[in-house]
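Chains as they are written, first to last, in numbering that gives the first Met the number 0: chain A, 0 to 318; chain B, 0 to 318.
The beta carbon of each residue, even a glycine, is placed where N, CA and C say it ideally should be.
Every value quoted in this text rests on a predicted model; they were computed, and no experiment measured them.
Report on the following structure.
Number of protein chains: 2
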Amino acid sequence: MLALYFDGQPAIQEVPRPVPGDGEVLVRVHLAGVCRTDLEVLKGYHGFKGIMGHEFVGEVAGPEDSAWLGQRVVGEINIGCGACDLCRRGLAGHCRQRRVLGLKDHDGAFAQYLTLPAANLHAVPREVLEVLAIFTEPLAAALRVMEVAPVSPSTRVLVMGDGPLGLQVSWVMALSGADVHLAGHHPEHLALAAPRGVATFLSTDLPPGDYDIVVEASGSPSGLELALTRVRPRGTVVMKSTYVGRYPLDPAALVVPEVSLVGCRCGPFPGALRLLRDGRVDPRPLIERTFPLSRGLEALTYAQRPGGLKVLIDCREAD
Amino acid sequence: MLALYFDGQPAIQEVPRPVPGDGEVLVRVHLAGVCRTDLEVLKGYHGFKGIMGHEFVGEVAGPEDSAWLGQRVVGEINIGCGACDLCRRGLAGHCRQRRVLGLKDHDGAFAQYLTLPAANLHAVPREVLEVLAIFTEPLAAALRVMEVAPVSPSTRVLVMGDGPLGLQVSWVMALSGADVHLAGHHPEHLALAAPRGVATFLSTDLPPGDYDIVVEASGSPSGLELALTRVRPRGTVVMKSTYVGRYPLDPAALVVPEVSLVGCRCGPFPGALRLLRDGRVDPRPLIERTFPLSRGLEALTYAQRPGGLKVLIDCREAD
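Pasting the structure below:
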């Protein structure tokens, strides 16, 4: 099969079709999404080698006796060992021996086929178009913010960063009726949030504020600095994005105002699928271009443009 | 009256007895406690000038028509403006214009008399000896940890730092039946926790662990570094102590394991008074020496010994 393989350099190449192991299924990939983390892989993140990609929608193609056969699915990306204390406590996503689809010790989604444990799968409702389903994983990651920092219509929220992640976070938080502000550098991105009840600001023009929750989704060290000046005492700063380098944290900036700094990562697929099914979130305006898998290298290059949004890879066209 | 006044240097001197303003009471101070923060004041913390000290127990001595007259009291140390959005939301302790007893814009407790708003007072139950009541403020600060990081008998807790704060935090957390470990550098301090159901370790001998909650009460940058290696995924690191300097935080150390870093400061007096009244916590073993106010400078010097515990100042003896 065709795959986008990374081994220090990305390359489109023919590789053997993977064989599902015990408890695993074979998925024929329809669409895959390029995420910022994939671009980090290109820079050596995790020292990953293998088939890249972790956002996908596809159809179960094996084994023949699988109850999932023929089902359209999306899949959670963390594969726990199933035996350690964390897995046994329901924290398989944090298993220290975990493999991660397209990111750590498990081949990914930029290919005609992938394998995943059946336990990782979620059925895609018939009503959900594939160009919507492909957003299940990133939308779930956005929903995770609301699990660690619950909101209500009384909550004042600032989301920093107008990339796909920041936009999706602002959308889902605004659904709740919370007073959501989004700050970013790209007027054309901010324009995607304004019609959804989000007040938008260029980061350079952000007025003084005193937010209950600040979500750092800008991926820049200055974002965290600004977040800590904008959160109210006893408020929460949600750290959603990582970056290389260290942030010089003043302990008094947390202790004196009793601020919480909360890391968060992957989120709940069922809620994301329901929002997509019910049309409460429509991320399609985030899609900039779709490339066939055979042109996957172009897709990666295109996705690296500063201020880019979502790039998709159609893995069927290579059949 | 006699007072320990700081104006770049601490000095025992005669100053005018303070006059309570609107809503304030005059308190005759019986005992005061020296806190680590007082030692920071000596180094220039907050640029404070005035009468030092914020831990006290005393008796209300005026005004004549106060409902509190003659009542034995302890007092909360933050004085909000009463009018800003934070005060109106019940966060007077975080008012940006707040004054703080003996720490910011309000004379403190190392004196024969102090003034405080009556709203800051808590009556000391008859059964509570003054050598116990003097611990209300620091014990309340310890209880605050459990408000930001609730525990149950299933919770595994590591407290780092065996000073008075770390010891009191370990005691109150162990009351709940949680599995509490305490790490520090002083065997004689650790010995004060072991009989109270706390497992103790020299920091250098701390075995590997995977704690739900790690409380950083060591006041050293290496404490936070160690805390982040010992907290489990989705666990909480409570930052209780500040220090000068910045900690180089790796954002991935919070985001990937979804760890929370929670600052916390002052706590609830009523719970602290109840624990003292019921004998569930007895901090008297923390008392090393009591000095009369006239020898307050010696008290400060003594309190600065490395590895020191609690030093008290008896403000009645100067009468």
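Would you mind giving the Cβ-Cβ distance between residue i and residue j, rounded to the nearest angstrom? I have them listed as a contact below 8 Å.
i        : j        : result
Arg16/A  : Arg143/A : Contact flag wrong, Cβ pair sits at about 33 Å.
Ile262/A : Leu25/B  : In the sequence on display, residue 262/A carries Gly and not Ile. Contact flag wrong, Cβ pair sits at about 48 Å.
Val214/A : Val150/A : With a Cβ gap of about 10 Å, Val214/A and Val150/A do not count as contacting.
Gly360/B : Gly107/B : Outside the modelled stretch of chain B, which goes from 0 to 318, sits residue 360/B, for which no answer is possible.
Glu126/A : Arg276/A : 5 Å
Glu287/B : Gly307/B : 6 Å
Tyr210/B : Val156/B : 6 Å
Excluding sequence positions up to five away, which residues of its chain have a Cβ less than 8 Å from the Cβ of residue i?
i        : result
Gly295/B : Leu3, Pro9, Ile11, Phe109, Ile312
Leu223/B : Glu215, Val236, Met238, Tyr246
Val130/A : Leu30, Arg283, Ile286, Leu311
Lys103/B : His45, Phe47, Arg97
Here's a check: name, in chain order, each residue in its chain whose Cβ is nearer than 6 Å to the Cβ of residue i, leaving out the five neighbours to either side.
i        : result
Gly79/B  : Cys86, Ala91, Cys94, Arg97
Gly196/A : Ala173
Pro220/B : Tyr246
Arg315/B : His29
Leu260/B : Val236
Gly165/B : Val158, Ala216
May I have the straight-line CA-CA distance separating residue i from residue j, to the nearest angstrom?
i        : j        : result
Thr114/B : Glu23/B  : 6 Å
Ile212/A : Phe290/B : 46 Å
Asp178/B : Thr300/B : 36 Å
Lys239/A : Gln111/A : 30 Å
Gly43/A  : Gly7/A   : 7 Å
Leu248/B : Thr228/A : 17 Å
Tyr242/A : Pro232/B : 19 Å
Glu187/A : Gly162/A : 11 Å
Ser65/A  : Val123/A : 17 Å
Val59/A  : Val230/B : 38 Å
Pro256/A : Leu205/A : 22 Å
Gly145/B : Gly218/A : At residue 145/B the sequence reads Met, which differs from the Gly that was named. Going from the Cα of Met145/B to the Cα of Gly218/A covers about 32 Å.
Ala182/A : Phe268/A : 26 Å
Val147/B : Val147/A : 14 Å
Asp318/A : Gly244/B : Below a pLDDT of 50, predicted positions are generally treated as unreliable, and Asp318/A, at 48, falls in that range; the measurement from the model is reported next regardless. So the two alpha carbons sit approximately 58 Å from each other.
Arg27/B  : Pro194/B : 36 Å
Ala118/B : Glu13/B  : 28 Å
Pro328/A : Phe5/B   : Given a span of 0 to 318 for chain A in the structure shown, any question on residue 328/A remains unanswerable.
His105/B : Arg273/B : 28 Å
Glu39/A  : Glu39/B  : 43 Å
Ala298/A : Glu63/A  : 33 Å
Leu68/B  : Gly234/A : 38 Å
Ala198/A : Gly266/B : 36 Å
Thr154/B : Val18/A  : 42 Å
Gly278/A : Gly89/A  : 30 Å
Might you give, ordered along the chain, the residues of its own chain that have their beta carbon closer than 7 Å to the beta carbon of residue i, omitting 5 neighbours on each side?
i        : result
Ala271/A : Thr135, Leu138, Ala139, Leu142
Leu225/A : Met159
Pro116/B : Gly22, Glu23, Ile78
Please say whether residue j and residue i have beta carbons closer to each other than 9 Å?
i        : j        : result
Val171/B : Val73/B  : no
Asp70/A  : Leu120/A : Contrary to the premise, residue 70/A reads as Gln rather than Asp in this sequence. Taking 9 Å as the Cβ cut-off, Gln70/A and Leu120/A qualify as a contacting pair.
Leu189/A : Leu201/A : yes
Asp37/B  : Ala302/B : yes
Lys309/A : Gly32/A  : yes
Gly49/B  : Gly101/B : yes
Glu54/A  : Cys34/A  : yes
His180/A : Thr203/A : no
Ile133/A : Val99/A  : no
Pro207/A : Ser175/A : no
Leu1/B   : Ser293/B : yes
Proximal residues, the stretch 206-239 of chain B versus chain A, C-beta separation under 8 Å: Answer in chain order: Asp209, Leu223, Arg231, Pro232, Arg233, Met238, Lys239.
At a Cβ cut of 7 Å, what residues of the stretch 86-117 of chain B count as close to chain A, listed as they run along the chain? Leu90, His93
Can you pull out the residues from the stretch 256-284 of chain B whose beta carbon lies closer than 8 Å to at least one beta carbon of chain A? Listed by position, the residues of the stretch 256-284 of chain B near chain A (Cβ gap below 8 Å) are Pro256, Glu257, Val258, Ser259, Leu260, Val261, Gly262, Cys263, Arg264.
If the cut-off is 7 Å on Cβ atoms, which residues from the stretch 242-253 of chain A count as contacting chain B, listed in chain order? Tyr242, Arg245, Tyr246, Pro247, Leu248, Asp249, Pro250, Ala251, Leu253
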